[in-house]
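Here the sequence shown stands for residues 75 to 424, numbered as in the numbering used here.
All C-beta atoms in this analysis are idealised placements derived from N, C-alpha and C, irrespective of residue type, glycine included.
Worksheet: the structure to be examined is printed underneath.
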Amino acid sequence: MATSQQTENSLQDYLDRGLRGMWYPVLASWEVNANPVGITRLEQQIVLWRDAEGQIKALEDRCPHRGARLSMGWNLGDRIACWYHGVEVDGSGEVKDVPAVDRCPLVGQKCLKSYPAKEAHGAVFLYFGVLPDEEPSELTFPTELADGETHSNFLCTASWNCNYQYAIENVMDPMHGSYLHSSSHSMAEGQRQADMVLEPTDSGFIFKKSDQSGVNFDWVEFGNTGTFWLRLSIPYKARFGPGGHFWIVGMVVPEDKDHCRVFFWRVRKVKDWQRDLWRFMYRNRLEQLHWDVLEQDRIVLENMAPNAREHEYLYQHDVGLSRLRRMMQKQGQKHLSQLQEHDAAVKEKM
Ligand code: FES
Ligand SMILES: [Fe+2]
75 MATSQQTENS
85 LQDYLDRGLR
95 GMWYPVLASW
105 EVNANPVGIT
115 RLEQQIVLWR
125 DAEGQIKALE
135 DRCPHRGARL
145 SMGWNLGDRI
155 ACWYHGVEVD
165 GSGEVKDVPA
175 VDRCPLVGQK
185 CLKSYPAKEA
195 HGAVFLYFGV
205 LPDEEPSELT
215 FPTELADGET
225 HSNFLCTASW
235 NCNYQYAIEN
245 VMDPMHGSYL
255 HSSSHSMAEG
265 QRQADMVLEP
275 TDSGFIFKKS
285 DQSGVNFDWV
295 EFGNTGTFWL
305 RLSIPYKARF
315 GPGGHFWIVG
325 MVVPEDKDHC
335 RVFFWRVRKV
345 KDWQRDLWRF
355 MYRNRLEQLH
365 WDVLEQDRIV
375 LENMAPNARE
385 HEYLYQHDVG
395 LSRLRRMMQK
405 QGQKHLSQLQ
415 EHDAAVKEKM
């Protein structure tokens, strides 16, 4: 019988590697071409490529023959071939040919796990199930991404050397804007003290300053619509171009326990000539300013004290991230029970 400490450890271990049962952005669309590419996400080695129709395929990155990386292989249009001895596998993980052997029994067998893949808003999303062969959940996006008619966005993505939970929690913490980013182009204004409140929404919750809005990074929303997303807006001075508030939609995918990939869509509500003007301005004047802000986050998070989360004294401004932690723990606990039941059922069949 597992003690509660053991249960807690295995839960945290599971969460550190990446909560499952949802879609994650894994790469920007422009990073996946015909040539197979190998990545690590949720501690899984995965190979991605585009088939002859441009559709994205994703498999575990392990040749069924002797385990060479398929990401080192070749794209043959409707399948990829291993560099080592030429075994050919299609996007569902089925072996299509073993050219070195006549009538090899491996042909026709599904030997590899494949990942459901989708492309949306300039990113490639893969579904990571709790159980093998689980049906993927529906995937929807907040309006600022979904409504491409009236909104325009730029996706920026970067790898950070920290656990993904730190990167999520950083966005769940609006108050750091007035300190860490106080010298930035967009977060110099407003009170440096606040009372924070939580407000539930259909897909998650909003965490906001009760006494200041529309001045700085004053609120953030967490949502779960088949993927975890964070949304916030920051008011912008007129000289930074048309379109009212500047919106950010953020997502984070774990690579392994100590590394993650962040995805931030920078959005403004603009159309027609305003869209063109804003896109021009963004590329020429604003993008570097945004990278400078993001660097401040990265530097703090990559240099957190060892096991920082185990030695915290949280206060009222951390209610948002505490709520998210509890929610993730609850889901994680559910997944671990599902896995246990699944393993027990498999054992019984043997
Ligand atoms: S390891 Fe891939 S073909 Fe042998
Ligand atoms: Fe920040």
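Enclosing beta strand (DSSP E) for residue i [first to last residue]
{"i": "residue 119", "result": "118 to 124"}
{"i": "residue 298", "result": "293 to 298"}
{"i": "residue 254", "result": "Unbroken run through residue 254: none, as it is neither H nor E."}
{"i": "residue 419", "result": "No beta strand (DSSP E) contains residue 419, which is instead part of the alpha helix (DSSP H) from 393 to 423."}
{"i": "residue 235", "result": "No beta strand (DSSP E) holds residue 235; DSSP gives it neither H nor E."}
{"i": "residue 273", "result": "270 to 274"}
{"i": "residue 140", "result": "That residue, residue 140, is in no beta strand (DSSP E); it is neither H nor E in DSSP."}
{"i": "residue 114", "result": "111 to 115"}
{"i": "residue 168", "result": "Counting along the chain, residue 168 falls outside any beta strand (DSSP E), and DSSP gives it neither H nor E."}
Proximity below 8 Å, CB of residue i to CB of residue j
{"i": "residue 99", "j": "residue 197", "result": "yes"}
{"i": "residue 336", "j": "residue 241", "result": "yes"}
{"i": "residue 123", "j": "residue 149", "result": "yes"}
{"i": "residue 270", "j": "residue 287", "result": "no"}
{"i": "residue 96", "j": "residue 302", "result": "yes"}
{"i": "residue 304", "j": "residue 324", "result": "yes"}
{"i": "residue 185", "j": "residue 175", "result": "no"}
{"i": "residue 132", "j": "residue 151", "result": "no"}
{"i": "residue 315", "j": "residue 85", "result": "no"}
{"i": "residue 236", "j": "residue 90", "result": "no"}
{"i": "residue 113", "j": "residue 193", "result": "no"}
{"i": "residue 143", "j": "residue 328", "result": "no"}
Enclosing alpha helix (DSSP H) for residue i [first to last residue]
{"i": "residue 339", "result": "Premise fails: residue 339 lies in the beta strand (DSSP E), 333 to 342, not in any alpha helix (DSSP H)."}
{"i": "residue 354", "result": "346 to 355"}
{"i": "residue 365", "result": "361 to 376"}
{"i": "residue 218", "result": "217 to 220"}
{"i": "residue 307", "result": "That residue, residue 307, is in no alpha helix (DSSP H); its beta strand (DSSP E) goes 302 to 308."}
{"i": "residue 91", "result": "78 to 91"}
Residue i Cβ short of 7 Å to ligand 4 heavy atom set
{"i": "residue 251", "result": "As far as ligands go, the structure on display features ligand 1 and ligand 2 and does not contain ligand 4."}
Rounded distance between the beta-carbons of residue j and residue i, thought under 8 Å
{"i": "residue 277", "j": "residue 297", "result": "4 Å"}
{"i": "residue 394", "j": "residue 294", "result": "7 Å"}
{"i": "residue 92", "j": "residue 211", "result": "Their Cβ separation, rounded to whole angstroms, is 15 Å, which puts residue 92 and residue 211 out of contact at 8 Å."}
{"i": "residue 227", "j": "residue 259", "result": "With a Cβ gap of about 19 Å, residue 227 and residue 259 do not count as contacting."}
Practice task
Please list, in chain order, all residues with a C-beta atom less than 5 Å from at least one heavy atom of ligand 1.
Solution key: 137, 139, 140, 142, 156, 158, 159 and 161
Exercise for the section: Mind the definition here: the segment 304 to 311 touches the segment 197 to 212 only if three or more C-beta pairs lie below 8 Å; say whether that holds. Expected result: no
Problem - Meets three-Cβ-pair contact criterion under 8 Å: the segment 235 to 252 and the segment 349 to 357 - result: no
Handout entry: Contact the segment 253 to 263 vs the segment 338 to 351: 3+ CB pairs below 8 Å
Key = Contact between the segment 253 to 263 and the segment 338 to 351 is absent, because fewer than three Cβ pairs lie under 8 Å.
Exercise for the section: Mind the definition here: the segment 151 to 170 touches the segment 134 to 142 only if three or more C-beta pairs lie below 8 Å; say whether that holds. Expected result: yes
Exercise for the section: Report yes or no: do three or more beta-carbon pairs, one from the segment 357 to 365 and one from the segment 262 to 280, lie closer than 8 Å? Expected result: no
Exercise for the section: Give a yes or no on contact between the segment 368 to 387 and the segment 214 to 223, applying the rule of three or more CB pairs nearer than 8 Å. Expected result: The answer is no - the segment 214 to 223 does not touch the segment 368 to 387, with fewer than three Cβ pairs under 8 Å.
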